[in-house]
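Counting the first sequence from 1 gives a position; our numbering is that position plus 181. By construction, the Cβ of each residue, glycine as well, lies at the ideal position given by its N, Cα and C atoms.
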Amino acid sequence: MVYIEHMSDPFDLGGAEPLPGEPAPPPYLSGLNGEQRAAVEATDGPLLVLAGAGTGKTRVLTSRLANILWSQKAWPSQVLAVTFTNKAAREMRERLETLLGGTVEGLWIGTFHAMAARILRRHAELVGLKSDFTILDTDDQIRLLKQLLSAANIDDKRWPARALSAVIDRWKNAGLSPQQIGQGHPLDNGFANGKAAELYAAYQQRLVELNAADFGDLLLHCLSIFAKYPDVLKDYQERFRYILVDEYQDTNVAQYLWLRLLAQSHHNICCVGDDDQSIYGWRGAEVGNILRFEKDFPGAAVVRLERNYRSTPHILGAASGVIAHNQGRLGKTLWTDTNEGEPVQVRAVWDGDAEARMVGDEVEALQSKGDTLDEMAVLVRASFQTRAFEERFITLGVPYRVIGGPRFYERREIRDALAYVRAVVSPADDLAFERIVNVPKRGLGDATMRTLHTTARASGVSLMAAAQVLCETDDLRAQARNALQRLLNDFARWRGLLSTMNHPELVEVILDESGYTSMWQQDKSADAPGRLENLKELIQALEEFENLSGFLEHVSLVMDNAANDDGDMVSLMTLHGAKGLEFDTVFLPGWEEELFPHQRALDEGGLAALEEERRLAYVGLTRARKRAIVSYAANRRIFDRWVNSAPSRFIEELPEDHIEREGETGLSATEWHDPGAAPAWLKPAHRGIREDRAPRWAARGQADHVFDEGDRIFHQKFGYGRILEMDGDKLYIAFEKAGDKTVLASFVEPAK
DNA sequence: AGATGTACCATTTTT
DNA sequence: TGGTACATCT
């Protein structure tokens with residue numbers, strides 16, 4: 182049974198036919214439980230699916246999509262399915278095609294940004310752009326802002342472009358264009374004493390001049406078009422009979438407004454999400470969007486998915502116990518009928534090295550029992566934490582992969598190559614030209630570029646046009662002029678080849694003739710061969726596209742990292758990176774106050790941030806199918822300094838019935854120091870440490886001293902202070918330098 | 001213009 | 001500790 186739709190232009194509904202409608206049982210309903218089926222078959226209208234971790238939410242979303250198409254409620258081109266990542270979009274499409282037993286064409290399925298870009302290309306002129314506008318990434322954005330800042334004579338030491346970029350991103354995430362922002366806007370943060378709004382406007386102006394849009398613009402421009410041109414909006418409202426949204430809890434205001442507008446005609450919007458897994462508040466996601474769904478879409482149906490298929494009851498119990506400490510949840514009670522399994526293990530260790538050894542030993546033990554490394558993951562709060570585990574795994578010879586890191590198109594060589602292509606395709610792309618004008622080195626340095634900029638600005642032309650003018654005068658030194666002329670000739674020649682040569686070949690020619698390839702061939706550094714590999718990969722990827730501009734869009738919006746899936750390996754990643762994944766065994770190291778929850782998050786976001794950190798803990802635990810091992814170190818070397826740390830408050834929040842402690846309660850502090858008493862991974866690793874730098878043991882409740890209120894004390898990190906109040910082993914102390922803090926007694930000694 | 005030295009800093013990250 | 005941005009030297 183094959184599902185086909187013949188439609189080359191997704192905007193043209195003319196040739197589209199509904200499904201062939203063969204009389205066979207719908208394949209997308211088999212194996213669904215009652216609550217899943219309710220979500221899949223819910224009648225039209227707004228629908229919120231509150232799906233807990235491991236309840237099969239992606240499956241439900243896909244099945245609902247299959248149902249819509251199968252029962253001919255809409256043609257594929259009338260359905261919009263949005264996700265946050267390309268990976269999620271790809272997976273959804275693959276599952277859908279499996280369910281329907283054939284390919285589906287014309288469907289609007291992809292990321293928010295890709296879908297918005299698709300709309301924006303058709304109406305670019307309404308916001309002053311051409312339909313072939315380039316999409317800038319963060320790197321380009323920051324380079325552009327740097328120029329604007331220096332033009333405005335703003336000290337970039339005090340007010341770095343990066344900070345301005347963050348302010349502008351915040352505004353864009355909130356759906357605010359420059360016209361909507363007054364002086365002293367609350368999201369401004371006082372950048373350059375209130376200049377941010379002005380700079381934002383200048384930046385948008387410059388983007389139009391460059392015929393460019395940044396990621397935020399893709400949505401924001403759509404919003405302003407919808408606001409200004411109701412007929413355009415109406416067109417899309419009519420078109421999209423069904424809208425499906427994954428990970429709704431992660432939508433920011435701009436995405437929310439975009440969706441709400443598009444759903445206004447048919448009201449068939451189905452959002453799937455889990456408020457307990459909202460972990461992107463810091464980049465503009467609004468949990469409020471999911472909490473408010475029923476108000477925003479009157480008459481909305483709400484279906485809860487609470488049956489968890491992933492984890493054992495102990496893991497689920499531990500995770501639920503932690504998340505129950507959050508206020509303002511929609512509330513779900515996850516349950517499972519799988520076998521009990523092992524309690525979550527909670528392990529106290531001496532320091533970061535001991536922790537890495539513990540994890541390494543455990544990995545080897547599990548492996549020798551027959552577990553595969555693919556089914557093990559180490560999930561950390563901050564990416565620097567992966568290093569300790571990498572080192573340990575290298576020592577042990579355990580294969581591992583680090584998930585995350587720079588994306589393919591963010592790599593320097595890829596961005597350089599793309600800049601060449603961009604500059605060939607669009608001569609007015611100043612940012613691209615600037616990027617590669619002296620890569621490889623051509624003797625075109627700061628001085629030349631300054632002259633180029635002045636000339637370009639004075640006559641209002643692009644840098645390349647200005648360069649052409651300058652080559653005919655003697656404003657530049659002969660050497661620079663010749664180099665520039667040569668480069669311009671190259672570009673003219675390449676541009677001439679655009680129509681005749683096929684594009685993968687052309688890119689290869691450009692990279693060879695510009696000297697870019699040989700630059701890396703001559704580079705002796707260790708990563709040069711890898712970069713050449715990446716360039717080859719880029720050219721290979723080109724072959725799948727009809728033209729260069731299609732490819733450029735793909736690269737900036739769709740291309741993700743090639744999955745490194747050769748061989749059996751342990752995965753190392755951040756908790757954020759682990760969302761949506763699952764493993765038999767999950768290690769959760771570094772559960773210490775200040776690291777997790779991260780102090781910086783708490784400083785910046787207070788209670789809301791603490792709750793987001795707690796959701797991160799919940800996400801981490803619920804990644805595990807069979808086994809979760811949480812650990813915390815008493816001492817940690819962060820950069821060059823030893824820090825004693827208290828166990829994370831999330832450890833206390835783990836329900837005792839579902840955990841098994843090792844190291845803290847079973848052994849006393851004195852026993853820990855006895856080499857025979859503790860398991861190998863508990864022993865201090867450092868033998869030759871000077872006494873003053875050696876970590877001090879800091880087990881909870883194992884204070885070496887008895888204190889009274891009013892005692893003068895000393896703390897390794899905070900210095901001298903006086904005890905104001907005592908609550909068991911918690912001391913409330915007024916430090917002379919560090920202010921008032923609550924500290925565990927074990928970290929404190931009497932002042933001498 | 002390019003190389004070399006130095007001070008500084010250090011969540012989380014998709015598009 | 002390691003990467004980066006800027007200053008200074010050749």
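| Item | Value |
| --- | --- |
| Mapping the DSSP letters down to three states, classify Ser752 as helix, strand or coil. | strand |
| Between Asn248 and Glu379, what straight-line distance do the alpha-carbon atoms span, to the nearest angstrom? | 49 Å |
| In three-state terms, what does DSSP make of Lys476? | helix |
| Who does Ser812 pair with in a DSSP beta bridge? | Arg528 |
| Suppose the cutoff is 8 Å on Cβ atoms and the five residues either side in sequence are ignored; what does the same chain contact list for Gly502 look like? | Glu834, Leu835, Pro836, His839 |
| May I have the straight-line CA-CA distance separating Gly551 from Pro367, to the nearest angstrom? | 56 Å |
| Does DSSP put Pro367 in a helix, a strand or coil? | coil |
| Start and end of the alpha helix (DSSP H) containing Phe777? | Premise fails: Phe777 is in no alpha helix (DSSP H) and is neither H nor E. |
| If you measure between the beta carbons of Val688 and Tyr601, is that distance less than 9 Å? | yes |
| Using DSSP with H/G/I as helix, E/B as strand and the rest coil, what is Met645? | helix |
| For Phe726, write down the residues that DSSP places opposite it in a beta bridge. | According to DSSP, Phe726 bridges with nothing at all. |
| Check this for me: beta carbons of Ile496 and Gln430, under 9 Å apart or not? | no |
| Applying the criterion that 16 or more other CB atoms from any shown protein chain within 10 Å of the CB defines a buried residue, is Leu317 buried or exposed? | buried |
| In three-state DSSP terms, what is Leu442? | helix |
| Between Arg773 and Arg817, what straight-line distance do the alpha-carbon atoms span, to the nearest angstrom? | What sits at residue 773 in the sequence shown is Glu, not Arg. Rounded to the nearest angstrom, the two C-alpha atoms are 10 Å apart. |
| Could you pull out every unbroken beta strand (DSSP E) segment of at least 3 residues lying fully inside the segment 294 to 328, listed in chain order? | 315 to 317 |
| Identify the continuous alpha helix (DSSP H) that holds Asp765 and give its terminal residues. | Segment 764 to 769 is the beta strand (DSSP E) holding Asp765; no alpha helix (DSSP H) there. |
| Pairing CB atoms from the segment 521 to 535 with CB atoms from the segment 547 to 563, are three or more of them under 8 Å? | no |
| Could you give the distance in angstroms between the alpha-carbon of Pro227 and the alpha-carbon of Asp457? | 21 Å |
| Buried or exposed: which applies to Gln322, given that a residue is buried once 16 or more other Cβ atoms fall within 10 Å of its Cβ? | buried |
| The alpha helix (DSSP H) spanning Met630 covers which residue range? | 627 to 640 |
| Using 8 Å for Cβ pairs, my map puts Leu229 next to Phe474. What's the rounded Cβ distance? | 5 Å |
| Note down the Cα distance separating Phe732 from Glu222, rounded to an integer number of angstroms. | 38 Å |
| Go through the segment 677 to 709 residue by residue and report every complete run of the beta strand (DSSP E) that reaches 3 residues or more, in order. | none |
| When you compare the segment 726 to 742 with the segment 254 to 263, are there three or more beta-carbon pairs, one atom per stretch, that lie closer than 8 Å? | no |
| Please state whether DSSP places Leu288 in a helix, a strand or coil. | coil |
| In terms of residues, what are the limits of the alpha helix (DSSP H) holding Asn267? | 267 to 281 |
| Excluding five sequence neighbours on each side, which residues of the same chain lie with their C-beta closer than 8 Å to the C-beta of Asn334? | none |
| If you measure between the beta carbons of Gln526 and Ala827, is that distance less than 9 Å? | no |
| Residues bridged to Pro825 by DSSP? | As written in the sequence, residue 825 is Asn, which differs from the Pro given in the question. Paired residues: Asn816. |
| Quick check on this structure: which residue in Trp463, Leu400, Lys476, Gly758 has the alpha carbon closest to the alpha carbon of Leu443? | Leu400 |
| Could you spell out where the alpha helix (DSSP H) holding Ala558 opens and where it closes? | Not the alpha helix (DSSP H): Ala558 falls in the beta strand (DSSP E), residues 557 to 561. |
| Would you say the segment 379 to 399 touches the segment 294 to 304, given that touching needs at least three Cβ pairs under 8 Å? | yes |
| In the DSSP assignment, the beta strand (DSSP E) including Ala482 goes from what residue to what residue? | 482 to 486 |
| Can you name the start and end residues of the alpha helix (DSSP H) that Tyr381 belongs to? | 377 to 390 |
| When you compare only the Cα positions, how much space is there between Ala613 and Lys415? | 37 Å |
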